[in-house]
Amino acid sequence: MTDVTPQEAEFIPPAEVAEVELYHPHSWWTRYVFSQDAKVIAIQYAGTAMSIGFVALVLSWLMRLKLGFPDTFSFITPDAYYQFMTMHGMIMVIYLLTALFLGGFGNYLIPLMVGARDMVFPYVNMLSYWIYLLAVLVLVASFFAPGGPTGAGWTLYPPQAITSGTPGGVSWGIILMLVSLILFIIGFTMGGLNYVVTVLQGRTRGMTLMRLPLTVWGIFTATVMALLAFPALFVACVMMLFDRVVGSSFFMPAVVDMGTPLPHNGGSPLLWQHLFWFFGHPEVYIVALPAFGIVSDLIATHARKNIFGYRMMVWAIIIIGALSFVVWAHHMYVSGMYPYFGFFFATTTLIIAVPTAIKVYNWVLTLWKGDIHLTLPMLFALAFIITFINGGLSGLFLGNVVVDVPLSDTMFVVAHFHMVMGVAPVLVVFGAIYHWYPKITGRMLNETMGRIHFWVTFLGTYMIFFPMHYIGLVGIPRRYPELGDTAFIPPSVHTLNEFITIAALVVGAAQLVFLFNLFWSLRYGKEAGDNPWRATTLEWQTAGTPPPHGNFGKELPVVYRWAYDYSVPGAPEDFIPQNDPSPLTQGGPA
Amino acid sequence: MTAILIFLAAILAIVGWWLSRQRLMSKPWLEAGPVTAFPETEAPDTHPAKIGLGVFIAVVSALFALLISAYLMRMAYVDWQAPPMPRLLWLNTGTLLLASLAMHCAVVAAHKGQLDNLRLALLTAGLTSIAFLAGQLLAWQDLASQGYFVTENPAVTFFYLLTAMHGLHVIGGLVVLGRTNIRAWQSDRTAGLVLSAELCAVYWHALLIIWLILFAVLMGWAGNFIDICHRLLS
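Printed below as a string of structure tokens:
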């Protein structure tokens, strides 16, 4: 085990980056607004993503009010409901989660964790944020456009997406939506190049791939996937824009709309579904993999234990990344495709559960006999594991064609994907914010407010989405703004719907506590110091908190060990930072 | 979706080859010390811009692979009627080939330090690329004058879409090439200039390869090829 420290390696030249490569801001504008510093860009990304995320949260309230109390909220028309639903889905999946995990956490953590001064292309990184902001503004503009935003559902299925029956279909809504997505993808590609090349190239001396924290592995793999998957959405959006604006027939079959034949002829709506889900399924893992990575680090740090099966965790991330490109058609079981096709995709879908389950076992085994500190990040990490198992198991149901076909159009699917890719990643986002806020601001988030936020969010989301499974099992269709007096719907469904709506309002309100906490603690939070969680990774070993421009001191840190040296036998403390040259390892002296 | 899956398989092979050199089987929890014994696992010395360009070309290729996938899927429907391809496309292909050659010469000249040849080659590459774009516009005009407008048939729409997408990428490249030209004519040979020339050359070769594939698809050769494959398999 000593074969890695040969004698000639005793002198390590300092890993110093020539200072000319780093862009130094000269004014307030280039320091805080048009900044090229990844940390500032990260905060800009996160701030924008969370702001638009709050809009989506309010939209979900409005939807729930309509579902729970259809008579009281009769002013929410079906059209408005569809618009809220579409915007809620689109914002949450793309403009909040993707942007926050990759643009926010990616920008902040990658350079710090791999021991770099900044991203490799800071200028492109800055452009990435501003194009993202433009995409968000175009999206917001669609709320104010004549006809309102599109109500086509977040999957924007043609032909209905661009016909007159759908809100925004023949007005500005769908055009602005498509343009916004195209902009988002262009902006994301710029950022994504940075994240990938920084991990490949910007690593400091000694930081081999197998010493990367799993957070970086997760974000890195997710970015590679996103770079390959987002072009599918790009192509689909451009082609739909052609159909909508110039009247071509990529996706549009011959349609008679309100008695008038449309100009389209012979297009294939299924082509859209293939392209959309070729992006759409990897997207699930683009959101999940960073969450997997972050949660691994949270668990190891707050249970003071090395992550169980690090190698297997890395392999699982890579395998999930690769497999997620060959499961897309499991979103299309009800599209009337060839049965053997469905059989193939059901098989790949179930296979992908294996590496995912390995990760879950490894998290649980990391906790086993760990010195578990029930800090806020840990609470959120534990809640994530439980929620993810729940959502993952219902995914095994839906992955099978015969089970999916009757359930596909019911609330069961809504419950499933909210658990697995809505609530679970968001819990990680919260855990991560409670974990890294001390590094970003120098102050701890308020504990009491944090605990209120945690318990209401965790238990509340269960109250929202757990009953929804049962509603789905009795056959209540999703996408319906109100159920009306239908014979097969028992009265208990209406009661449950009211209950869910109230729970949703309460959970939403708890997020306001969190938002308040973010600002309150900025001023009144406890001083955090450089390394409040006594963590090993490089971002906690910076020259000061918050890290200065250039992240580290005069010389970059040299990495001597992996990221999980917690509770090493014989070590003076229960953690050894990655840049500590001590020869101790988990297996004794190296 | 065959085209994109083949493309992904290629990407997977490259990633797999690279990962196989990263000691994924090592046990990092037993290793302490700077890992200088395995230099291939450290960050490489290659200029980040080169790797960045490589990743970007992979993204662009994914984009075109998806467009081709959509083309091939849409082609299977009965209403598909491929328009007659303008003969001009052959000439345009030749022009783009020249541009790529010129870029190659530019890199050779840059490495040898022949500044005059470098300037000449960069300028030639720029001008031939502009000629290529002009030729594509003329091809559009040619097609439109025969009555094949964008909405005529999905095959025609695809022709405009694919050529426009490729053209936009050429325009993007021309912006960078223009800046490289200005730099070459203003200053002496610097490391930055050599790097710019190399990057432009790689991008131009990629655009040429993408165009050749698109050309094959648009001419219907790719369809014939797939037919042959289908017959061989069935």
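Listed in order, the protein sequences are those of chains A and B.
Note that the first sequence covers residues 4 to 593 in our numbering.
Note that the second sequence covers residues 712 to 945 in our numbering.
C-beta atoms are modelled at their ideal positions from N, C-alpha and C, and glycine is treated no differently.
Kindly list the residues whose CB is nearer than 7 Å to the CB of residue i, restricted to its own chain and excluding five residues on each side of it in sequence; keep chain order.
i	result
alanine 927 (chain B)	Ala933
proline 795 (chain B)	none
alanine 895 (chain B)	Leu829, Arg830, Leu833 and Leu904
glutamine 39 (chain A)	Tyr26, Pro125, Tyr126, Asn128 and Met129
leucine 370 (chain A)	Ile302 and Ala306
leucine 929 (chain B)	Met796, Phe870 and Leu873
alanine 12 (chain A)	Note on alanine 12 (chain A): pLDDT 47, under 50, position unreliable in the model; no value is reported.
histidine 334 (chain A)	Trp280, Gly283 and His284
glutamine 792 (chain B)	Asn864 and Ala866
Taking Cβ-Cβ distances shorter than 8 Å, what residues in chain B pair up with residue i?
i	result
tyrosine 563 (chain A)	Ala743, Gly744 and Pro745
tryptophan 133 (chain A)	The premise fails here: tryptophan 133 (chain A) is roughly 18 Å from chain B at the closest Cβ pair, so nothing lies under 8 Å.
threonine 588 (chain A)	Trp740, Leu741, Glu742 and Ala743
threonine 238 (chain A)	Reading off the sequence, residue 238 (chain A) comes out as valine, not threonine. Within chain B, the residues near valine 238 (chain A) are Leu774, Leu777, Leu778 and Ala781.
threonine 153 (chain A)	Going along chain B, no residue has its Cβ under 8 Å from threonine 153 (chain A), so there is no contact; the nearest lies around 22 Å.
Can you list the residues of chain A that residue i reaches, using a CB-CB cut of under 9 Å?
i	result
arginine 734 (chain B)	Thr211, Leu212 and Met213
valine 766 (chain B)	Gly195, Leu196, Val199, Val200, Leu203, Val227 and Leu230
valine 861 (chain B)	Phe245, Val249, Gly250 and Ser251
leucine 944 (chain B)	Here the premise fails: no neighbours, minimum Cβ distance about 15 Å.
Sort the options by Cα distance to residue i and report the nearest one.
i	options	result
tryptophan 543 (chain A)	A:Leu137, A:Asn582, A:Gly107 and A:Ser524	A:Asn582
asparagine 110 (chain A)	A:Trp32, A:Pro81 and A:Gly194	A:Gly194
phenylalanine 282 (chain A)	A:Ala303, A:Thr226 and A:Thr263	A:Thr226
proline 441 (chain A)	A:Leu100, A:Leu396 and A:Trp536	A:Trp536
alanine 866 (chain B)	B:Asp790, B:Gly727 and B:Leu944	B:Asp790
alanine 294 (chain A)	A:His552, A:Met180, A:Leu25 and A:Leu385	A:Leu385
isoleucine 302 (chain A)	A:Gly395, A:Ala435 and A:Val219	A:Ala435
methionine 784 (chain B)	A:Gln276, A:Met381 and A:Gly373	A:Gln276
glycine 499 (chain A)	A:Val510, A:Val516, A:Pro484 and A:Met471	It is leucine, not glycine, that sits at residue 499 (chain A) in the sequence shown. The shortest C-alpha separation from leucine 499 (chain A) is found at A:Met471.
glutamine 204 (chain A)	B:Ala902, B:Leu807, B:Cys911 and B:Ala754	B:Ala754
Residues in its own chain within less than 6 Å of residue i by CB, not counting five upstream and five downstream?
i	result
alanine 574 (chain A)	Leu587
proline 592 (chain A)	Pro586
valine 921 (chain B)	For the record, residue 921 (chain B) in the displayed sequence is isoleucine; it is not valine. Around isoleucine 921 (chain B): Phe775.
proline 216 (chain A)	Met116, Asp300, Thr540 and Ala566
proline 580 (chain A)	Thr539 and Gln544
phenylalanine 614 (chain A)	Not covered by the structure: residue 614 (chain A). The range shown for chain A is 4 to 593.
glutamate 22 (chain A)	Because the pLDDT at glutamate 22 (chain A) is just 46, under 50, the model does not fix this residue reliably, and the value given afterwards should be weighed accordingly. Taken in chain order, the list of residues that qualify is empty.
Please list, in chain order, the chain B residues whose beta carbon lies closer than 7 Å to that of residue i.
i	result
leucine 317 (chain A)	In the sequence as presented, leucine is not what sits at residue 317 (chain A); that position holds valine. Under the 7 Å cutoff, chain B gives Leu735.
asparagine 309 (chain A)	Trp740
alanine 325 (chain A)	Leu723
proline 234 (chain A)	Val770, Ala773, Leu774 and Leu777
tyrosine 527 (chain A)	Residues of chain B passing the Cβ test: none, with the nearest at roughly 40 Å.
Within its chain, find whatever has a CB closer than 8 Å to the CB of residue i; leave out the 5 residues flanking it on each side and keep chain order.
i	result
glutamine 10 (chain A)	Reliability fails at glutamine 10 (chain A), whose pLDDT of 45 lies under 50, so the model's placement of it is uncertain and no value is given.
histidine 376 (chain A)	His305, Ala306 and Arg307
asparagine 803 (chain B)	Phe843, Gly846, Gln847 and Ala850
alanine 96 (chain A)	One detail in the question is off: residue 96 (chain A) reads as valine in this sequence, not alanine. Trp157, Glu286, Val290 and Met424, listed in sequence order.
Name the DSSP bridge partner or partners of residue i?
i	result
glutamate 530 (chain A)	A:Arg446
glycine 591 (chain A)	A:Thr588
proline 480 (chain A)	A:Thr413
aspartate 260 (chain A)	A:Thr263
phenylalanine 578 (chain A)	A:Tyr569
How would you list, in chain order, the residues of chain E whose beta-carbon sits under 7 Å from the beta-carbon of residue i?
i	result
histidine 333 (chain A)	Protein chains A and B are contained in the structure displayed, whereas chain E is not.
Please compile the residues from chain A whose C-beta is within a distance smaller than 8 Å of the C-beta of residue i.
i	result
methionine 784 (chain B)	Ser271, Leu274 and His277
Starting from residue i, find everything on chain B with Cβ-Cβ shorter than 9 Å and list it in chain order.
i	result
proline 266 (chain A)	Thr862
valine 123 (chain A)	Pro759, Ala760, Ile762 and Gly763
tyrosine 313 (chain A)	Lys738, Pro739 and Trp740
If the cut is a Cβ gap below 7 Å, which residues of chain A does residue i touch?
i	result
tyrosine 914 (chain B)	By Cβ distance, chain A contributes nothing, its closest Cβ being about 14 Å from tyrosine 914 (chain B), past 7 Å.
Are there three or more Cβ pairs, one per stretch, closer than 8 Å when the stretch 868 to 875 of chain B is compared with the stretch 819 to 838 of chain B?
no
The stretch 243 to 251 of chain A touching the stretch 714 to 729 of chain B, judged by at least three CB pairs closer than 8 Å
no
Any contact of the stretch 323 to 342 of chain A with the stretch 450 to 466 of chain A, i.e. 3+ C-beta pairs under 8 Å?
no
Can at least three beta-carbon pairs, one atom from the stretch 150 to 165 of chain A and one from the stretch 64 to 73 of chain A, be found at a separation below 8 Å?
no
Evaluate the contact criterion for the stretch 837 to 857 of chain B versus the stretch 762 to 776 of chain B: three or more CB pairs, one atom per stretch, below 8 Å.
no
Is the stretch 438 to 450 of chain A close to the stretch 529 to 536 of chain A, with three or more CB pairs under 8 Å?
yes
Contact the stretch 82 to 90 of chain A vs the stretch 50 to 68 of chain A: 3+ CB pairs below 8 Å:
yes
Given 8 Å, three or more beta-carbon pairs between the stretch 159 to 171 of chain A and the stretch 267 to 284 of chain A
yes
Pairs of beta-carbons, one from the stretch 908 to 923 of chain B and one from the stretch 850 to 861 of chain B, closer than 8 Å: are there three or more?
no
When the Cβ atoms of the stretch 748 to 766 of chain B are set against those of the stretch 805 to 814 of chain B, are three or more pairs found closer than 8 Å?
no
Sufficient close CB pairs (3 or more, under 8 Å) joining the stretch 138 to 150 of chain A to the stretch 221 to 241 of chain A
no
Do three or more CB pairs link the stretch 345 to 355 of chain A to the stretch 259 to 266 of chain A at distances below 8 Å?
no
Three or more beta-carbon pairs under 8 Å between the stretch 164 to 178 of chain A and the stretch 186 to 204 of chain A, yes or no?
no
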